[in-house]
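Student: Dropping a structure here in structure tokens format, bear with me for questions.
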Amino acid sequence: MTLLFTDGQPFTSGAAPYIDHHPSDPSHLLRLVVQIQVLDQATVAAIDTGGAYLILDPEYVDYSLDTLGEAVEPARLQIRGVAYDGALYRLPIMILAQEGQSLEVEVTAFVPSLGPEEPWPLPMMMGLKGCLEFFRFAVDPAANMWFFGSTTALDV
Amino acid sequence: MGMQGLANITETMPCFEPPMMDEGLKEMRRFAPVAYRATMPWIGWSSTMSASNTYRIHGEDSLSIGRVTPWIEAKLIIETSIELSRASCVQQSSPGDAAAGDAFEAVLARFHANLNARTALENAESQAASETAAKSAARTPMLAIREALAAEDYYGARALAKQAHRDHPEDPELAVAAQVLAPPRVLRNDLPPDPTIRINMDWMEHEAHNYSGQWVAVKDGQVVASASTVRALKEQVPDLKGHFVVKVA
Chain A
0 MTLLFTDGQP FTSGAAPYID HHPSDPSHLL RLVVQIQVLD QATVAAIDTG
50 GAYLILDPEY VDYSLDTLGE AVEPARLQIR GVAYDGALYR LPIMILAQEG
100 QSLEVEVTAF VPSLGPEEPW PLPMMMGLKG CLEFFRFAVD PAANMWFFGS
150 TTALDV
Chain B
0 MGMQGLANIT ETMPCFEPPM MDEGLKEMRR FAPVAYRATM PWIGWSSTMS
50 ASNTYRIHGE DSLSIGRVTP WIEAKLIIET SIELSRASCV QQSSPGDAAA
100 GDAFEAVLAR FHANLNARTA LENAESQAAS ETAAKSAART PMLAIREALA
150 AEDYYGARAL AKQAHRDHPE DPELAVAAQV LAPPRVLRND LPPDPTIRIN
200 MDWMEHEAHN YSGQWVAVKD GQVVASASTV RALKEQVPDL KGHFVVKVA
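In order, the protein sequence lines correspond to chains A and B. So in numbering that gives the first Met the number 0, spot 125 of the first sequence is number 124, and the numbers just go up one at a time. So in numbering that gives the first Met the number 0, spot 33 of the second sequence is number 32, and the numbers just go up one at a time.
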């Protein structure tokens, strides 16, 4: 399923269902939570158009840090008004489509540094800057579907 | 130095008494940089030492200065000229004395040795200073990048990293920063859809609340394992590849 421009050219190339609450977000705020694949595991992330980078739960990547490559470290980011120290990596993720085509994208990801036994209090999030900034996306709230595609070289 | 050069020195070098030389030295130190610039390139160097005495040194073509800073060079010239002046006193008091002529040669030999040593030192210091400056310049952009990140200036951080890497391609930290902060890149847009998405999302909506506080591994809509930590989850399912893994609040 794709969305098209009026001239018939594709606007998006894939579509997938979303849920409007992240299961690991205790705030119960309405969100656009979509499925992605990070480090060969599927998981969910909230779209955060006011944020930056892919924010990962450090516990999720705990066993894969060695495979993430070199990092900008230390790095301090403001996330929802709170400063967190951590490291920035470059890694590929997949935006999973139920219909159409999934996208593999290389993005900037932030892995916060936490103390021992300290839980990460936020859901994983995909920010606009450094992650979604070259995406086209649209939402159909009646069907809880989101549509996405690359702004460059759509091969559909 | 040939005898002609020595003759030049002896002819133009007045004999100063030590107190006057000391006064002259102070004055020369004060004026030397200006005097030096005024007499580039240095073969003959002159300056007014006092109201009544002119102070003059003539070298010869073989007396090369080398690449040193004006002040060090001028200081060397002053020091050498003072020594030459002392030597000329000896020579003038003993005309025709071969030993007095040798004294000039010795002074000028020391001058060359000093000059070479100081030139080498200066070059080494200059190189060290350049390396330090290069490291400092490379470190400063990294600090600026971190500050931009902390200030939520993400595009600024990206631009800084890109420019810094261009300016310092040899710096590995800046290379990593430029790569990590580069714009997102689509690697593939022809990947097949994943039909399990709907199943996983349905599980999330209808079943996840039963696993509050747990990390859960789901496969095809069925819970494979759950635990309070990822570490414990991996003990149950060592290879989570291909699973849907989520933390439930």
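C-beta: ideal position from N, C-alpha, C; glycine also. Note that the structure is predicted; figures quoted are calculated from it, not measured.
Which residues share a DSSP beta bridge with residue 105 (chain A)?
Tutor: According to DSSP, residue 105 (chain A) bridges with A:91 and B:184.
Student: Quick one: using the 10 Å Cβ neighbour count with 16 as the cut-off for buried, is residue 31 (chain A) buried or exposed?
Tutor: That one is buried.
Student: Let me check understanding here. Comparing Cα to Cα, which of A:43, A:135 and A:142 lies closest to residue 13 (chain A)?
Tutor: Of the candidates A:43, A:135 and A:142, the one whose C-alpha sits nearest the C-alpha of residue 13 (chain A) is A:135.
Student: To which residues of the same chain is residue 224 (chain B) closer than 6 angstroms at the C-beta, ignoring the five residues directly before and after it?
Tutor: Excluding sequence neighbours, residue 224 (chain B) sits near 216, 232, 235 and 236.
Student: Within 9 angstroms of any Cβ in chain A, is that where the Cβ of residue 221 (chain B) sits?
Tutor: No, residue 221 (chain B) lies away from the interface with chain A (no Cβ there is under 9 angstroms from its Cβ).
Student: Could you give the first and the last residue of the continuous alpha helix (DSSP H) run that contains residue 161 (chain B)?
Tutor: 153-166 is the span of the alpha helix (DSSP H), which, as asked, contains residue 161 (chain B).
Student: Within 9 angstroms of any Cβ in chain A, is that where the Cβ of residue 191 (chain B) sits?
Tutor: Yes, its Cβ sits closer than 9 angstroms to a Cβ of chain A.
Student: Answer yes or no: does any C-beta atom of chain A fall closer than 9 angstroms to that of residue 208 (chain B)?
Tutor: Yes - at least one Cβ of chain A is within 9 angstroms of the one on residue 208 (chain B).
Student: Residue 194 (chain B) to residue 15 (chain A), Cα distance in whole Å?
Tutor: Taking the straight line from one Cα to the other gives about 10 angstroms.
Student: Taking the alpha carbon of residue 118 (chain A) as the reference point, which residue from A:57, A:137, A:91 and A:97 has its own alpha carbon closest?
Tutor: Comparing Cα positions, the closest option is A:57.
Student: If the cut-off is 7 angstroms on Cβ atoms, which residues from the region 27-51 of chain A count as contacting chain B, listed in chain order?
Tutor: Those would be 34, 39, 40, 41, 42, 43 and 51, in chain order.
Student: Assign residue 101 (chain A) to one of two classes, buried (16 or more other C-beta atoms within 10 Å of its C-beta) or exposed (fewer than that).
Tutor: Label assigned to residue 101 (chain A): buried.
Student: Would you identify the three-state DSSP class for residue 139 (chain A), choosing helix, strand or coil?
Tutor: Note: residue 139 (chain A) maps to strand in three-state DSSP.
Student: Run through chain A and tell me which residues come within less than 7 angstroms of residue 199 (chain B), C-beta to C-beta.
Tutor: Those are 34 and 41, listed as they occur along chain A.
Student: Name, please, each residue of chain A whose Cβ falls closer than 8 angstroms to the Cβ of residue 244 (chain B).
Tutor: Neighbours of residue 244 (chain B) on chain A, chain order: 40, 41, 42 and 59.
Student: Which two residues bound the contiguous alpha helix (DSSP H) that contains residue 197 (chain B)?
Tutor: Segment 196-205, the alpha helix (DSSP H) holding residue 197 (chain B).
Student: Report the rounded CA-to-CA distance for residue 197 (chain B) versus residue 220 (chain B), giving the unit in angstroms.
Tutor: Straight-line Cα distance between these residues: approximately 9 angstroms.
Student: Could you check if residue 104 (chain A) is buried or exposed, using at least 16 other CB atoms within 10 Å of its CB as the buried criterion?
Tutor: That one is buried.
Student: Could you give the DSSP three-state label for residue 141 (chain B): helix, strand or coil?
Tutor: Residue 141 (chain B): helix per DSSP, three-state reduction.
Student: Near residue 28 (chain A), what residues of its chain come up, given a Cβ to Cβ distance below 8 angstroms and the 5 sequence neighbours on each side ignored?
Tutor: So the list reads 20, once near-sequence residues are dropped.
Student: Going by the DSSP bridge assignment, what does residue 83 (chain A) pair with across the sheet?
Tutor: Bridge partners of residue 83 (chain A): A:76.
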